[in-house]
Structure formats: structure tokens, C-alpha cells
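4 protein chains.
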Amino acid sequence: MAPLEFGTGIWAFGQFVDRYAGDGYGPPRDSREMIEAAGRVSGLSCLDINVPFATEGATAAEIKQLLDDNGLTCRATTPHIYMREYAKGAFTNPSQELRRRTQDRVEEAVEAAQILGAGYVKFWPGQDGYDYPGQVDYLQIWDRTVDGMREICQRHPDVQFAIEYKPKEPRIRMTLANAPKTLLAIEETGVDNLGIVMDFGHSLMAGESPTESLRMIHRRGKLTSAELNDNWRDWDDDLPVASVHLFETMEYILALRDIGWSDPVLLDQFPFREDPVAAVARSIETIRMLDEACARVDRAQYAAAQDAQDALAVQAIYWNALLGTERFAVGH
Amino acid sequence: MAPLEFGTGIWAFGQFVDRYAGDGYGPPRDSREMIEAAGRVSGLSCLDINVPFATEGATAAEIKQLLDDNGLTCRATTPHIYMREYAKGAFTNPSQELRRRTQDRVEEAVEAAQILGAGYVKFWPGQDGYDYPGQVDYLQIWDRTVDGMREICQRHPDVQFAIEYKPKEPRIRMTLANAPKTLLAIEETGVDNLGIVMDFGHSLMAGESPTESLRMIHRRGKLTSAELNDNWRDWDDDLPVASVHLFETMEYILALRDIGWSDPVLLDQFPFREDPVAAVARSIETIRMLDEACARVDRAQYAAAQDAQDALAVQAIYWNALLGTERFAVGH
Amino acid sequence: MAPLEFGTGIWAFGQFVDRYAGDGYGPPRDSREMIEAAGRVSGLSCLDINVPFATEGATAAEIKQLLDDNGLTCRATTPHIYMREYAKGAFTNPSQELRRRTQDRVEEAVEAAQILGAGYVKFWPGQDGYDYPGQVDYLQIWDRTVDGMREICQRHPDVQFAIEYKPKEPRIRMTLANAPKTLLAIEETGVDNLGIVMDFGHSLMAGESPTESLRMIHRRGKLTSAELNDNWRDWDDDLPVASVHLFETMEYILALRDIGWSDPVLLDQFPFREDPVAAVARSIETIRMLDEACARVDRAQYAAAQDAQDALAVQAIYWNALLGTERFAVGH
Amino acid sequence: MAPLEFGTGIWAFGQFVDRYAGDGYGPPRDSREMIEAAGRVSGLSCLDINVPFATEGATAAEIKQLLDDNGLTCRATTPHIYMREYAKGAFTNPSQELRRRTQDRVEEAVEAAQILGAGYVKFWPGQDGYDYPGQVDYLQIWDRTVDGMREICQRHPDVQFAIEYKPKEPRIRMTLANAPKTLLAIEETGVDNLGIVMDFGHSLMAGESPTESLRMIHRRGKLTSAELNDNWRDWDDDLPVASVHLFETMEYILALRDIGWSDPVLLDQFPFREDPVAAVARSIETIRMLDEACARVDRAQYAAAQDAQDALAVQAIYWNALLGTERFAVGH
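Protein chains in written order, with the numbering used here: chain C, 1 to 332; chain L, 1 to 332; chain A, 1 to 332; chain B, 1 to 332.
Below, the structure is given as C-alpha cells:
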């Protein structure tokens, strides 16, 4: 297997706010500063970049130059369809005018993607959903989601698009909440240039097994991107990889190896209280260490343990691979 | 709209055990006692009945007679494919022999359904899933689930089957965990006699909006049965209807009206510490009260509020309908 | 019982941001605009006000004038000890300098409270906690929490202080996470001018029964303030009262009546996507409606039902009180 | 530090039932079979034993002989105060007669403890709580809990008692739900022979940091026993140690070392679908491996990282200790 390649969202290097620290975590940063910070992360090769860009008025060509200067490429562009005006939804906004503007904003991201050489344009419809029981007509919201995405995908048959699903935040409940629901939506669009950005942390939040979702999405030919990070299951904490969940991360890396994943692994992190360069670098180091461990797994033994649903054997295999020993007996 | 009809699982009138009170909640009850108790619930007309029957050796004809004697019908049969021998799965058991026995056990339920005049045979694959990260090959489990159900459905093209999905318990994580995943599985079977038993409480546990799932399943033509009850969201508590969630229950009843639901509404309750006759009767009383409230809803006003995502207007509509007043202003 | 009085946090009328819509929900608002908006809420009489004030450079006397002009009083002041510089904690910050600044900032809020005639100064240590397994020495964090609060309370023996506990956000895990932990911390301070702001929604998030916590805190003489709102249990959604939970809200109001609560009930809401004046007014209308229902409860009957743990009787009492009928039989 | 000693609940070797597989997971086992199975677990030295014993009519002397024969001791006895008759509570049952019987049943466990040489008698009041909003008078339940435990502890001033807290199951919500609440209850009893059995998994379920709770309980002198296992956070899955959470387990073991824990570590497991001897043995192996890793931690470095809340440094320390390398840079 070729060495893993790594990317991250450019936002990892920006200033964060939340509803309490409205004055921000860390210093404000423009596009240049964010890209330069990304360039300092050992092993990082590409970025998912929000459009419009952080530096007001910056052109895609200028961003391209900054990337080149810092030895980076653009993996994806993500249109800002979850800012103030989209508070009641982007594709699903009650206002036709705002649904129109959603299309326009995605257009900007498509154009940027072409100039930047991005592999895909990401839909992250974080405001598309509801906050209260009874607030929306679910089928209307669903249809607008499907129709809005289909329209864009059909307009750009040569561009790859991808949905990043998540169960909640910022909307209290998001429509494209989990992997199978997103697969159903994609199926309804009827287009073949719309896939999924499968984020490990969002999947944990959704109560899924991230590895199961990865495998299901991949088998259906919809795995556009795979993202790693970690959380405490109840929120999208966007922590460094394996901060909480070891075996689930190893299981996921084993699955990436199984499917022969050769595109970058993206790291979706929000290092509110850490140095972002160190926090992203740590994830890369951790994945590499775990990937080396996974390379040591005897796959026939692993398959046999899974065939028998022998959880203790599976754990023995994980521990032995991690520690590089035969300390734990696989059979018992 | 015709008056709602009600059914429940026969287990509501049986003795429950759990891993602590292994000596059981309430007295043990045979099939006759359970059916007689059901017969005492005012407004209850039908049952979902486990096969094999509670009384060892009882025949379907005997059960049919008991139902007749108590003014009840059989709405569904549910094969016991989650007892001791299926601890590692029914359709997905590692042992081919047990996968075979699963088929046989479903056959018994099909036969019983025909004698009892049941509307459908329910699959409740509560042991099909996993307990640990890494324990299973998810695609293998998935394929066995799909293949096993397809095989049965194809063998009985004139029988309606239906899956009751749930995210966990007894298996720590169940494969058919939520509505969209179950829709995908059904799609993969390629049969048209397999639908869904949509349980309100399981949907809450899965982090869904039960009403959204009801609507999605219905629109895809897969709504075989609708079940109401309530819980605290984090477990399948199987409490009487609206014990915790008012608006979500009203929203659900409004949706049942919208789709013109005329089959029975089933009440999946486990009254561990209540008199089961009273607990089921209470749900029926509550649903009737809420259904009367829902009949008072001005549907144009409701649609307009949802179109605008105007949550405060929706709530005003709910409160006014419930209280039979105009106390809450819908516009503001 | 005297009619209920109502207050809210001034922030309900401000502009919100989150990590996605960094450009804010709703228009920016200065102190004057926020207070004027509060003044337009029918039935609202007082505010919990952040210090420093939203309008940079505004004096407490100016704020007092604005309150007077709008028929409002100040119920509490809340120092901003959870902004950027406190990202790693206020009372518990690793830096002694920042722990010092926390004290200073609380001093500002004490001074403002005195000028504004506030009933208490609120500690909301939302950054005091941790984000990762292993990140902190829990006893060190605990001691700094206790010591920091004790120091302030001892310096101002005539001022009432109160802690608003919450399990998480903005810190991924907060130290003062629930009612009993906060009671233990208060006990350790050894001061008698430190109580609790008991927030219904935070209590739901903490997995508590809000009414149980209210009763426990009150019995220990530490109930400084009671706040109502609602959420989906898994996050501090700060929705209007009873948006999700009916019986739990009724139970809470019954408890407020039992303890003879005569201070204002505060409404902690973040109406991200609603008109804040309407959203707060709706909570007041709802509480009044529910309070009228609670006045109809036969307390002897209620006590008897609880003594017997007769949940169906309790529910009958709630429904009958709400609907003003005898539709549901209390005995069965 | 002396080598760790290990115990487990005798129930780990019994037959489990749940509400679905009422016919049980695994074969039924009497006291002799359970103790013999325990004797086959390498490294296991003691048991927590339910009273009445699994073998009907067995005497404590007979159980003692079985323990001796299998090289085991009795660490604790746990009275069955959560079986059928206690469905509405043990200490808090509405019936005075049942509250009386609770006392009697605890007496049996005290007598057995004396004959068996147990270190403590455990209270596990799993039915003391409620299932519905409004069902109970919380202060009444609280007082009965405190009074009932005080009465027993005062009657046996020379016996050590200990409460195992847990947020739910079998009761939907348990009164002694978390560490601080249990500390408050103990404080109210006013006795000094009542401590806490601190169970890692129950603490995770309660949303606590298990290590923080361990430290808090220990500092207050109430740590009677420490139990390890693991779960998925949302239920008491009672899985082998570190099946899901690595760093939190390491953090806990480091804390056990800090406080100089020399009593046995108990393993509270329910191996529904695994061989119990192998499942318990695996936990012992895993703890030993992690304990060796913890012995490699440079404690000054660890303390410095925690003082600075430097999560990345803490993680580097954990990984390096686990892998026995210096691969991860502690400073950055």
C-alpha cells in the first residue's frame, strides 16, 4: 500500500468563535496566514478550502499561488452555505431567493475548484434541518435538498460533488444526518457525480460504526473522501485522531487499507485550545503509527476472528499489532 | 377519518425479566391469560403474537379460538429469533446451521400467521449486529441480513413481511438500526412484500424524528405498521404514549391523519411496574384525546407555519388544538 | 400564590454567533437596543446582565437608566469569565495571572450589581474543565474552583453569589457539571453567600430530573435562582419553555409552587432563528398557562399518587389539570 | 507498587437473561459451577457474591468451602434487593413491609459476609428511583434511601458497607445516580462505615470522568472498592477492560497508582456472548499490560503536562508509555 497522504480543512488554522467566546479562540487569520500555517505541518499536503475565501476579495488565482508557495494543493472547496443569511437553511430555505443564492454560492465554489484544481466541491448543509418538533414539512425539506443538489450536479456533470453528513450543529437536527439517509438522497438525485465525505466524528455522533458506514458508502461507489478525527460521541468535538477511541480508529484504518484508499485522508479538527500546527501534526503522527500497526495484522486471522464474531480474538489481534508483540493469545 | 383502531404486542401482558430481576416482573402468564388480559383492554382489537406461543405446545388453531373468544384478532406474528440460541445473530449468525434454523422458525410464524389471519409476519432481528469495535465484517453481516430476508420473502410472495428496526438491545449495536438503513436493506432484497414496522420509540432512540421517518417510509410504500409508545430517548423504555413527548406525539398523529392511516396503531409497551391492562388502556385514551385535538388543527394554517419554519406558530397551533382554545396567537 | 414574575438573560436579545455562522444570527445590538427589546416583552420584569456591558464603555449608571426607562430591573450580573482569554479556564486557568484577572472581572460585576441593584452575581465557569482524557489534574482544578469562589465570596460577605452549573459547552466537559457536584463545591467553600442558579435545560443535559435537583438544592438552602427553558436533552438548545417536555415542565412548576417560589423565574433562551421578543413572550405565556393548570391539581391526590409511585395516576392528574377536565380516571 | 490483585462479581460466571432472551445466555450454573469457573481464571483471587446464593439453600459455610477449594476469597457480599418483589424499590419501596424486608435481606448478606470474611457488604439499589416524570416525591425517596442505609450501618458499626452508584437500569432513573450525589447521601447518613464502590462503566454512563470521580471519592475517604470494565457510554455494557476507551483506562490506572490502591480491582463484566473465563482473564491481561505502561510514565513530566493543560503532551506521554518508545515528542 502506498504511504497515506493527508489533508485538512483550512479552518483548522483560522480563528474560532462560539456563542460564548464571541471574541474568538486564537488570533484572527487571513488566507495567507492560514495557508502558511498549514504549510508548516509536517506531512500535510492538501486543504479543503472555504469559498468565499477568508481574505475578503482574494481571488482563486491568488489562493492558488499561496498554496504553491507553501507546497500544498487544494483537495476540495466548500461553499459557505451555513452563514448568517442561511440560518433557516440553504437548499431548504423557506425563501426562494435564498435557495437561489445557495445555487449561486455553490457556483463560486465550483469556479474556485476549477482554478484551484480541487478534487471535489463539498456540500455541507449544516443549516438544512429543523430545531423543534413540528417545525418543518419533512418531505418538503427532503425534496428541496434532493432537487437543489441535483440541479447543481446536472449543471456541472464533469465536477465531482460530495455531501458531508452530520446529525446536528449548527441546526439542532440536520436532514442529511447519517450515512444511509445520505445514500438515499443521492440515489434520488439520479446523478452520478455526487458522493459522500465520510467523517469519522460525524459518524460517531450519528451512533454509527464509522467503519461500517465507510464500507457501505464505498461499496455503493459513493466514497468521495474519508475524514478522521475523534470526539466524545455526543458532539462534534473535532479532536486529534484517537484522542478517545483506539480500536475504532484502528478498525477504520484497516478498512481504508482493505478498500485500497489512495486519496488523502482528511483531518477535520477544531483545535480551540491547542496550537493548530501541532494538533494536526499529531493526528498525522498517530495515524502513521496506527497504520504501521495495521500493516502487522495477519489478515487471514483477522477475517477468521470476525467470521466467528470472536471479539476477544479481534482485541488480541489489535493489541498485538499495536504493541508489536504476540503477548495476547488470539485463540483461547 | 375513520376512528383509530388499536393493537399491541401480546408480550405487554406477559411476565418480563431483565438481567437483575431474573425472577420476573409480575406473575408468569400463559397464552390464555395473556389473551384474556388483552381482551379486558377497552378499545383494543388486535395483537402481535410471538411464535412459538407462550403456552408450550399450543396450536395456532387454539390461539385463534382464544382470540375469537376474547373479541380480538391477530395483527401480526413475530418469530422468536432472538432467544438463547440466536445470541450471536439470527439471519447473521456465524453458524450456517443457525441461519437455517432462523429460516425454519420464520416458517413457523408464517404458518401461524396464515391460520391466525395475521396481516404480516414481523422480523425483529434484535441479535443481528455486534457488541465490540471490530467484532464483525459489516458487509458480511449486511449481506446475510439481506439474503436471509430475501429468501423468505421470495418463498412466500403472497405473505407480507415487515422489519422492526432499532439501534440497540439486546445486541449492543443492531444492524437494522434506523429507517434509512432499513430502507436500503429492503431495496437490496429486490422483493416487494417486505416493509417496515415503524416504532415511535425505536425511532427516538435512533436520533430520528419519528414523524420524518414515518413520512419517508410511507412515501416509499414500505409502511406496513405504525407503533406508538414513548421513552426517555436513550433507551427503549416502552412507556405509555406521551409519557414524555407531547408535541412529537401530536406531530406523529397529524402525519397518520395525513397519510390516511386506517390500519391499527400498535402500542409496544413493557409495563414492568404497572398493571398492563391499565397501561395499554391509558395509551389508547391518550391517543384518542390527542387525535381529537389534531382534528381541530386548521391544516392550511399548519402548512403555512411549516412552510415558513415558524416554530412559534406551530407551537401555538398545537397548544390551541390541545386546549380547544385560541389562547395562543399563531401570528406574531 | 402570588403571580409569577419573569426575567431573562439580556443575551436573548443580542446577536449570536457560532463556529459556523461567525457572521452572526440576527443583527448586532448594543445595550440600549437589547434593553429596549426586553422592554417590549409583555410580562418581563428583569434581566441578568453580562459585565462588561455590550456597549463598550457604558457605565452601570447608564445601564440603570436604560432599565428604568424600559420598566425593567436588574436581577443579576454575570461577569464574562468565558471569553477568549479564559479559553483554558477562569478560576482554574493554568496561569496565575489569568486566575487573578478572573477575580478582577468578577469585581467589576460586583460593582455593577451594586449600582444596578442586582439580587446576585452569577458565576458561569463555562471554560473551567477539560477537553481530553488525562488533560487535567482534577483535584487541582477542583481546588482552584473552590478556592477562587471562596475568595470572592469572603471578600463580599454581603453580596449573594450563585453558580450556574452545566455539564459541557463551551468546555467539552465542565467541572461544575451537575447539582450534587456543585453542592459539594459550595460546601467546601464554607461560605454562606454562595448558592445555585438552577437551570432546567442544563439539568436535563446533565441527565438529572430538574425537579429533583430543584428540590435538593432548595432543601439545602442554596436555591438562588430558578431558570426555565427546554432542549432535546443532548445539548443546551435554550428553546422556549415546554418546546419538548410537557410533564417535566409541569412537575417543575408544581415544585416551584410547593417551595413558595416568589422570586422571578428566569428564561435562559437563545432564539437563534426566532424573533427574540416573541420567543421570550411565548415562554411566559406557556408558563402562565401551565401554572394555571398546576393550580387545578388536587395536591392530596397528587401526593397520594406519588406515595404509591402510581405513574398512571400522576399522568391522569397532569392531563386533567392541563385540559381542565376529569377525562382521565386517577384511580384504576 | 505491589502487583495488582483482581476480583470479579460471581455473576460473571452465571447465566444471564434479558427481556428478549428470557431462556438465558449460556447454561444455568449453580454456586459450585460459578466458583469453579472463577477458579479457572488466571490471576483472579476473589469474588463479590450475591446473597441469597445461586444454589438454593446453600449455606455460607458451604460457599466458604467452595471458595477455599478453588483458591478464592470473598471480597464482598451483595444482597439481592433488586429482584421481583423490589420492583418499585428496596430502601424506597412504597410499602413499609418491603422496606422492612430490604433490611432483613441485607442482614442475611451481613451474616454471610462475616462467615465468608468479606471486606464489605455492597448496596446496589438498582430499583430505587423512578420511571416517569412526576412519578415520585424525590425528597421522600431520598430520605428513605438515606434513612434505610443509616439504619443498617448503625446496627453494624463494625461492618463496612458500600454503595455502587449507577444512573439507570433496571430502574429507568436511579436515585444514587452518580458520584457526588452518592457522596451527599453518605454525608447525610452521618455514619462512617459507608463508602462507595466506584465502577468505571457506571461512571462513564453518568457522564463523569471515572478518574475524577475516583479521586474525589478517595479524597473524601469513601473509596471502598474500585471496579473496571468498559462500555459504549450509553449503557452498562460491562465489557472487558479497554474494549472501547484506552486513554481513560490508562488515566484511571495511573490514578490507582497515585492513591496507592492495594485492594483488589474488581471486574464487573457480563460476558453475554463470550466465554466468561476468557473474558475476565482478558481484562486482567489488559490491565497488567496497561499497568506496566503506566509504570513507565515519567510522573514529573505528566504532572507538568497536566498543570499546563497540555493535552497533546499528555497524549504523547500515554502513547510513549504504551509503546515503550519515545516516538511522540512531549514538548512541541
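Even glycine gets a Cβ: it sits at the ideal position worked out from N, Cα and C.
Distance, residue j Cα to residue i Cα
i, j, result
"A:S95", "A:A87", "11 Å"
"B:R40", "B:R233", "30 Å"
"A:A58", "A:R29", "14 Å"
"B:D236", "L:M83", "21 Å"
"A:H245", "L:W319", "13 Å"
"B:R171", "B:A109", "22 Å"
"A:V265", "A:M205", "19 Å"
"B:A177", "B:K168", "7 Å"
"L:T8", "B:T78", "38 Å"
"C:A162", "L:M198", "30 Å"
"B:T336", "B:A60", "Because chain B in this structure spans residues 1 to 332, residue 336 of chain B falls outside the shown range and cannot be described."
"A:V277", "A:Q269", "11 Å"
"C:A188", "C:R150", "A quick correction: the sequence has Glu, not Ala, at residue 188 of chain C. One C-alpha to the other measures close to 9 Å."
"B:D275", "B:P240", "12 Å"
"A:F53", "A:L323", "44 Å"
"C:G221", "L:K64", "49 Å"
"L:T249", "A:A305", "25 Å"
"A:A32", "A:L66", "The sequence given here places Arg at residue 32 of chain A; Ala does not occur at that position. Spanning the two alpha carbons is a distance of roughly 7 Å."
"L:G334", "L:K181", "The shown model of chain L, from 1 to 332, leaves out residue 334 of chain L, and the question about it has no answer."
C-beta neighbour in chain A for residue i, strict 8 Å
i, result
"L:F247", "yes"
"L:F328", "yes"
"L:R40", "no"
"B:R219", "yes"
Amino acids of chain B, ordered along the chain, whose beta-carbon sits closer than 9 Å to that of residue i
i, result
"L:L176", "Per Cβ cutoff of 9 Å: no residues; L:L176 is ~15 Å from chain B at best."
"C:Q315", "P240, A242, S243, R282, T286"
Contacts of residue i in chain L (Cβ-Cβ under 8 Å)
i, result
"A:V244", "H245, F247, E248"
"A:E274", "A311, L312"
"C:D307", "P94, D137, Q140"
"C:G148", "Near C:G148 there are no residues of chain L at all, since even the closest Cβ is about 16 Å away, more than 8 Å."
Any C-beta of chain C under 8 Å from that of residue i
i, result
"B:A295", "no"
"B:E36", "no"
"A:D237", "yes"
"L:P125", "no"
Under 7 Å by beta carbon: chain L residues contacting residue i
i, result
"B:P170", "D18, Y20, A21"
"B:K64", "By Cβ distance, chain L contributes nothing, its closest Cβ being about 24 Å from B:K64, past 7 Å."
Residue i: contacting residues in chain L (beta-carbon distance under 9 Å)
i, result
"B:Y165", "Result: empty, since nearest Cβ-Cβ is about 15 Å, beyond 9 Å."
"A:E227", "In chain order: nothing, as chain L lies at least about 20 Å away."
"B:F270", "R19"
Where residue i meets chain C, residues with beta-carbon distance less than 8 Å
i, result
"A:M83", "Y20, A21, G22, D23"
"A:W319", "Chain C residues near A:W319: none, gap ~19 Å exceeds 8 Å."
Neighbour list for residue i in chain B, Cβ cutoff strictly below 7 Å
i, result
"A:R173", "S209"
"A:R101", "The premise fails here: A:R101 is roughly 17 Å from chain B at the closest Cβ pair, so nothing lies under 7 Å."
Interface partners of residue i on chain B, CB under 8 Å
i, result
"L:Y302", "Ordered by position in chain B, no residue passes the 8 Å Cβ test against L:Y302, which lies about 27 Å from the chain."
Interface flag, residue i vs chain B, CB-CB below 8 Å
i, result
"L:K122", "no"
"L:D131", "yes"
"A:R299", "no"
Residue i beta carbon near the ligand MN (any heavy atom closer than 7 Å)
i, result
"C:I49", "Only the bare structure without any ligand can be found here, which leaves the ligand MN out of the picture."
Chain-ordered chain C contacts of residue i [CB-CB under 9 Å]
i, result
"A:D234", "K168, D234, W235"
Open item on the list: Restricting to runs no shorter than 3 residues, where is the beta strand (DSSP E) found entirely within the region 193-223 of chain B?
Closed with: 194-199
Open item on the list: For a minimum of 3 consecutive residues, which ranges assigned as the beta strand (DSSP E) are wholly contained in the region 18-92 of chain L?
Closed with: 44-51, 73-79
Task: alpha helix (DSSP H) segments (min. 4 residues) lying fully within the region 142-175 of chain C - done: none
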